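Participant: The number in the working numbering is simply the position in the sequence shown, starting from 1, with 161 added.
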Amino acid sequence: IQNIDTTTLSAKNSEVVRFGIVDVPRSVSAELSPVNGRVTDVNFKRFMLGPVGFDAPDTARGQLDVTYLDDEVRLTRGDKGNIFVLTRM
Numbered sequence: 162i163q164n165i166d167t168t169t170l171s172a173k174n175s176e177v178v179r180f181g182i183v184d185v186p187r188s189v190s191a192e193l194s195p196v197n198g199r200v201t202d203v204n205f206k207r208f209m210l211g212p213v214g215f216d217a218p219d220t221a222r223g224q225l226d227v228t229y230l231d232d233e234v235r236l237t238r239g240d241k242g243n244i245f246v247l248t249r250m
């Protein structure tokens, strides 16, 4: 799940991962800095794995280019070539 707060320009991605028989939540929070109408700089701030959290290193940065957007779907390409397909919940 990805939550984006447009008032604070922040985002949080979260999921639950199964390790054997144990479900473990993990998440990452980030600050967003729009560059233009399509591109956003991403500065990761904090990682969480279960109850353990740690600050992201200063090098944990990226950029997202929104290649398609409508009311239900967003296609985004990351600066390392990753393609993200997100649907609205």
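We put the beta carbon where it would ideally sit given N, CA and C, even for glycine.
Values in this document were obtained by computation on a predicted structure and should not be read as measured data.
Which term fits Phe205, buried or exposed, when burial requires 16 or more other beta carbons within 10 angstroms of its beta carbon?
Facilitator: By the 10 Å Cβ count, Phe205 comes out buried.
Participant: So what does Gly223 bridge to, in DSSP terms?
Facilitator: In the DSSP output, where bridge partners are listed per residue, Gly223 has Val203.
Participant: Which residues share a DSSP beta bridge with Met250?
Facilitator: In DSSP, Met250 forms no bridge with anything.
Participant: Do the segment 222-230 and the segment 184-202 make contact, defined as three or more Cβ pairs closer than 8 Å?
Facilitator: Yes: the two stretches touch, three or more of their Cβ pairs being nearer than 8 Å.
Participant: Quick one: is Leu170 buried, meaning 16 or more other Cβ sit within 10 Å of its Cβ, or exposed?
Facilitator: When all chains shown are included, Leu170 counts as exposed.
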